[in-house]
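Engineer:
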Amino acid sequence: WEVMQARKALRIEWEPAAPLESTDGHRAVMEELARRKARVVRRDGNPEAMFAKAARIIERTYTAPFLAHNTMEPMNFFAHVTDERAELVGPTQTPEFMEKSLAARLGLPLEKIDIQMTRQGGGFGRRLYGHFMVEAALISKQVQAPVKLIYTREDDMTFGNYRPAYHATYRAALDEDGNLLAFHVRAGGIPESPLFPNRFPAGAVDHYLAEAWSAESSISVGAWRAPRSNFIAGAEQAFLDELAEAMGKDPVELRLELLERARTNPVGEENDYDPERYAGVLKLVREKSGWGQPVPQGVGRGVAAYYCHNSYVAQVLDLRVVEGQPVIDKVCCAVDCGIVVNPDAATNMVEGGTVDGIGHALYSELTFTKGAPDQTNFDRYRLIRHGEAPKAIEVHFV
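Count along the sequence shown starting at 1, add 11, and that's the number in this note's numbering.
1. Who are E222's beta bridge partners in DSSP?
2. Between A198, E13, V158, which lies nearest to R53 when the distance is taken from Cα to Cα?
3. Could you give the first and the last residue of the continuous beta strand (DSSP E) run that contains M128?
4. Going by beta carbon distance, what residues of the same chain come within less than 6 angstroms of V158, once the five residues before and after it are set aside?
5. Let's see if you can read the secondary structure: which residues bound the beta strand (DSSP E) around V332?
6. Taking DSSP as the reference, what is the three-state secondary structure of Q336?
7. Using the Cβ count rule (16 or more neighbours within 10 Å means buried), how would you classify N353?
8. Below 8 angstroms on the Cβ atoms is my contact criterion, and I expect A79 with Y392 to pass it. Report the Cβ-Cβ distance as a whole number of Å.
9. Any heavy atom of the ligand FAD closer than 6 angstroms to the beta-carbon of A39?
10. Measuring alpha carbon to alpha carbon, tell me which residue in A325, K402, D283 is nearest V296.
11. Return the chain-ordered list of same chain residues with a C-beta closer than 6 angstroms to the C-beta of E376, the five sequence neighbours on each side being excluded.
12. Return helix, strand or coil for V310, following the three-state DSSP convention.
13. Mind checking which residues open and close the alpha helix (DSSP H) that includes V154?
14. Closer than 8 angstroms is the cut-off here; do at least three beta carbon pairs connect the region 250-265 with the region 295-314?
15. Excluding sequence positions up to five away, which residues of its chain have a Cβ less than 8 angstroms from the Cβ of P27?
16. Could you compute how far the alpha carbon of R116 sits from the alpha carbon of M168?
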């Protein structure tokens with residue numbers, strides 16, 4: 012308490028080390044770059060010619076803001092550093108890497124660095140970065156005493172390694188009969204592109220174009236759950252639904268048709284997914300969810316399927332709109348992650364990812380003014396609440 016009060020009494024004048032960025036500027040930069048031709052990362056066939064002759068072009072743009080990790084347990088670590096050795100205790104995702112970093116910063120041999128890991132109150136990629144461990148160690152060395160460093164929520168959100176902001180535009184060319192002629196995606200972000208050019212639907216369309224762009228930034232970013240996939244999966248799947256509607260096809264059947272093409276007569280040789288396993292989770296979720304059967308009045312039903320991090324997942328979601336807000340009744344999940352060693356833990360991970368994904372898609376946003384985040388605690392950074400989670404989540408493993 013005394014330390015916290017002393018800190019509040021400090022009057023510090025900061026000198027910026029880099030240009031101070033704001034969200035309005037980020038949006039303007041992304042919109043400008045998204046209009047330009049970008050770096051081609053994959054081209055199959057002649058997509059430009061197909062778009063030129065198309066009877067109809069479907070185009071949609073999807074964006075996503077920066078996000079904070081906001082683990083339940085803020086960053087913290089215990090450190091006791093002497094001239095002979097360093098003892099550290101706390102939650103981290105990278106103990107071996109941090110041993111080497113600490114040895115270099117403290118000038119100690121590697122065998123004199125002892126890191127003891129505790130259970131984590133959330134990681135999600137935030138604890139891959141050990142700056143708070145180094146900070147605790149350097150303070151302990153300076154004061155020559157054991158130190159317990161604890162970030163406040165405001166510290167954690169202000170000095171985070173955020174999920175980047177992203178932008179993706181999808182286009183599809185259709186002929187007069189509604190058949191798919193060509194597919195085009197142009198995706199970028201600050202400071203990286205979220206695009207994986209060799210993932211589905213690459214390999215399933217004769218004429219395919221993928222372009223990537225990025226914008227430099229001094230905002231610190233890092234891994235956030237499934238890096239890049241956490242945005243591009245939702246954007247891609249939303250567009251496939253738009254495409255299915257324009258083609259007059261069932262959303263599940265359209266995906267299965269494309270996957271069958273990728274299985275039997277693939278375009279290109281760099282496709283980094285297994286069409287059969289991909290189709291397998293779609294077929295399983297179709298069966299388990301009762302897809303195609305009548306649903307109660309007022310209930311909408313949607314499907315999504317994606318491959319990343321060596322796993323294939325398909326989900327069917329049932330929701331209602333109450334006073335303009337979505338109420339999610341049920342999510343049915345089909346998962347092919349290989350051998351399931353611990354079914355309870357695997358199920359828990361799927362359930363947690365589902366709830367977290369829904370919450371961040373609906374509520375969360377981190378904006379910046381003059382280089383600093385506008386949201387520094389939960390009074391302004393919205394997370395999903397217990398009552399807003401799906402009423403039921405079913406998980407089925409292949």
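All residues carry an ideal CB built from backbone N, CA and C; glycine is no exception.
Structural biologist: Considering the structure as presented:
1. As a first step, residue 222 must be located in the sequence shown, where it is residue number 211. According to DSSP, E222 bridges with V51, R197.
2. Position 42 of the sequence shown, counted from the start, is the residue given in the question as residue 53. When each option's Cα is compared against that of R53, the closest is A198.
3. Within the sequence shown, numbered from 1, the residue matching residue 128 stands at position 117. That run of the beta strand (DSSP E) goes 124-128.
4. As a first step, residue 158 must be located in the sequence shown, where it is residue number 147. Excluding sequence neighbours, V158 sits near A90, A147, I150, S151.
5. For the purposes of this step, residue 332 is taken as residue 321 along the sequence shown, with counting starting at 1. Per DSSP, V332 belongs to the beta strand (DSSP E) from 322-333.
6. Walking along the sequence shown from the start, residue 336 turns up at place 325. Of the three classes helix, strand and coil, the one that applies to Q336 here is strand, per DSSP.
7. Taking the first residue of the sequence shown as position 1, residue 353 is located at position 342. The residue is exposed, with fewer than 16 neighbouring Cβ atoms inside 10 Å.
8. Here residue 79 refers to the residue found at position 68 when the sequence shown is read from its first residue. Here residue 392 refers to the residue found at position 381 when the sequence shown is read from its first residue. 7 angstroms between Cβ atoms; contact.
9. The model depicted lacks the ligand FAD and carries no ligand whatsoever.
10. Taking the sequence shown and counting its residues from 1, one reaches residue 296 at position 285. The alpha carbon of V296 has as its nearest neighbour, out of A325, K402, D283, the alpha carbon of A325.
11. Locating residue 376 in the sequence shown gives position 365, counting from the first residue. If we look at E376 and ignore the five residues flanking it on each side, its Cβ neighbours are P76.
12. For the purposes of this step, residue 310 is identified with residue 299 of the sequence shown, where counting begins at 1. Three-state DSSP puts V310 in coil, outside helix and strand.
13. As a position in the sequence shown, residue 154 is number 143, starting the count at 1. According to the DSSP assignment, V154 belongs to the alpha helix (DSSP H) that extends over 142-154.
14. Taking 8 angstroms as the limit for Cβ pairs, the verdict is that the region 295-314 does touch the region 250-265.
15. Taking the first residue of the sequence shown as position 1, residue 27 is located at position 16. Taken in chain order, the residues that qualify are G382.
16. Along the sequence shown, one-based indexing puts residue 116 at 105. Along the sequence shown, one-based indexing puts residue 168 at 157. Spanning the alpha carbons of R116 and M168 requires a straight line of approximately 25 angstroms.
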